[in-house]
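Down below is the structure, laid out as structure tokens.
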Amino acid sequence: MDHSGSGSVEQDSSSWTKVDPELDGLSPDQDPTYSLQSAAGHFECSVSGLRWFCREKVGFRYRFCSWDGHMERMESRGFRPAGPLLDISVLTGKVMEVQLPHWVCTDDVPELLKNFAVLHVNDCGDVLEKATRVTKTHVGLADPVFSLRGALIHLKNLFCPPRISCNTLMYYQPKTSYLKMRVYLIPPDPALKQLVHSRESSKGYEEIMKPRPDKPLKTGCGFSLQATVETARIQPPEITLRHDSQDPNFYEVFIENPEENFNLELLQTHSEKVWFCEIRKEEHFVDKHRETLIQRVRNIGPVLDGLLQKKVLLEETYDRIRSLPTSESQLREIFSCLRAADDCKDIFLSILQEKEPYLIADLQRKC
Numbered sequence: 001m002d003h004s005g006s007g008s009v010e011q012d013s014s015s016w017t018k019v020d021p022e023l024d025g026l027s028p029d030q031d032p033t034y035s036l037q038s039a040a041g042h043f044e045c046s047v048s049g050l051r052w053f054c055r056e057k058v059g060f061r062y063r064f065c066s067w068d069g070h071m072e073r074m075e076s077r078g079f080r081p082a083g084p085l086l087d088i089s090v091l092t093g094k095v096m097e098v099q100l101p102h103w104v105c106t107d108d109v110p111e112l113l114k115n116f117a118v119l120h121v122n123d124c125g126d127v128l129e130k131a132t133r134v135t136k137t138h139v140g141l142a143d144p145v146f147s148l149r150g151a152l153i154h155l156k157n158l159f160c161p162p163r164i165s166c167n168t169l170m171y172y173q174p175k176t177s178y179l180k181m182r183v184y185l186i187p188p189d190p191a192l193k194q195l196v197h198s199r200e201s202s203k204g205y206e207e208i209m210k211p212r213p214d215k216p217l218k219t220g221c222g223f224s225l226q227a228t229v230e231t232a233r234i235q236p237p238e239i240t241l242r243h244d245s246q247d248p249n250f251y252e253v254f255i256e257n258p259e260e261n262f263n264l265e266l267l268q269t270h271s272e273k274v275w276f277c278e279i280r281k282e283e284h285f286v287d288k289h290r291e292t293l294i295q296r297v298r299n300i301g302p303v304l305d306g307l308l309q310k311k312v313l314l315e316e317t318y319d320r321i322r323s324l325p326t327s328e329s330q331l332r333e334i335f336s337c338l339r340a341a342d343d344c345k346d347i348f349l350s351i352l353q354e355k356e357p358y359l360i361a362d363l364q365r366k367c
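This is the structure:
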């Protein structure tokens with residue numbers, strides 16, 4: 001793999017070894033900080049998508065930061081955020097190349113690859129650096145100096161706004177006779193997601209895990225949310241897709257006494273459906289406690305054996321999950337395989353009740 005040139009050479013993701021970071025101890029009001037170590041080679045962080053190449057052992061840490069403040073200054077120069085803003089500190093060794101993830105779709109507009117830059121915030125202020133490599137998913141820098149770093153896209157002379165990958169965040173108010181939900185459509189910015197999650201959790205809302213849109217959506221366009229139940233009231237009727245670093249807008253869904261399952265559908269205004277999900281009267285137990293299960297289930301082998309025996313997993317999927325380095329990454333992959341199948345989730349729960357009875361009993365008492 002060439003590390004001296006520039007341009008837009010796409011690299012196979014299989015060339016990068018996935019590494020799970022360690023989450024440093026923190027208090028609830030602190031931003032999560034992640035630590036990573038690697039030998040020489042090409043690596044990718046499983047949480048952030050950050051990639052790096054090194055010729056010696058390295059150790060570093062990073063955290064996601066808000067674009068608030070930086071975004072306004074960048075927009076005055078014609079740039080907008082194109083990926084998460086990362087505060088990176090190298091502790092040992094030297095990183096030869098870093099590749100920052102971006103969320104802009106370049107498939108339809110390959111000339112966009114020339115419009116990327118990298119923000120570097122140091123003691124002297126904001127510095128815009130030219131990328132030494134741009135791919136469909138990452139913006140690269142050779143011999144980087146680390147501090148606050150993030151991918152930017154220059155929008156001048158673009159015929160139309162770019163499409164970006166998006167996340168849908170969903171929250172509901174528990175223990176009520178009615179259903180009140182808040183639905184966000186945002187870029188995959190972990191700092192923004194953490195801001196939304198903290199704000200909603202502080203108001204007593206609980207998250208509903210649903211798949212994100214599988215196709216990029218056009219920025220600057222309006223999107224409307226609809227429900228396949230006549231009694232649903234949804235406000236506002238339309239939201240424009242953009243990156244709001246501090247106060248992202250959301251849809252509020254209100255249904256009085258919902259009696260049956262229904263779908264939520266996202267439509268580009270005056271156009272086709274771009275996303276949908278089913279809302280059930282009762283969210284599945286394993287989805288509700290997903291993060292707790294990932295953190296607290298440690299002995300994954302018997303769980304995987306049970307899923308294979310019950311034919312929930314194929315042999316090749318079983319082998320692939322067993323080869324993952326940590327219990328957290330194995331559980332995340334199991335959840336990915338179970339994403340849309342309630343019957344399989346029922347089997348998964350029954351296996352957990354057998355293999356982790358005290359943990360499941362503790363979670364059930366808290367419901």
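Letter by letter, the sequence shown follows residues 1 to 367 in UniProt numbering.
The beta carbon of each residue, even a glycine, is placed where N, CA and C say it ideally should be.
In this structure, DSSP gives residue 167 an extended state, which the three-state scheme calls strand. Secondary structure within the segment 134-161: the beta strand (DSSP E) runs of 3 or more consecutive residues, fully enclosed, are 138-142, 148-154 (chain order).
In the same chain as residue 360, and ignoring 5 residues on each side of it, the C-beta atoms closer than 8 Å to its own belong to 349, 352, 353, in chain order. With distances taken between CA atoms, residue 89 lies nearest to 60 out of 60, 75, 77, 103. Out of 197, 112, 54, 102, the CA that lies nearest to the CA of residue 31 is found in 197. In the three-state reduction of the DSSP assignment, residue 345 falls in the helix class. Distance from the CA atom of residue 212 to the CA atom of residue 193, rounded to whole angstroms, is 13 Å.
According to DSSP, residue 62 shares a beta bridge with 34, 88. The straight-line gap separating the alpha-carbon atoms of residue 130 and residue 118 is approximately 6 Å. The beta-bridge partner set that DSSP reports for residue 42 consists of 53. Take the alpha-carbon of residue 83 and the one of residue 177: they are about 40 Å apart. Taking the CA atoms as reference points, residue 272 sits about 15 Å from residue 239. Here residue 181 carries a strand assignment [DSSP, helix/strand/coil].
With contacts defined by Cβ atoms closer than 7 Å, residue 47 and residue 81 do not form a contacting pair.
Inclusion of residue 104 and residue 162 in the CB contact set at 7 Å is warranted, their separation being smaller than that value. By alpha-carbon distance to residue 347, the top candidate from 303, 225, 358, 323 is 303. Secondary structure at residue 205: coil, using DSSP grouped into helix, strand and coil. Looking at the DSSP output, residue 120 shares a beta bridge with 127, 149.
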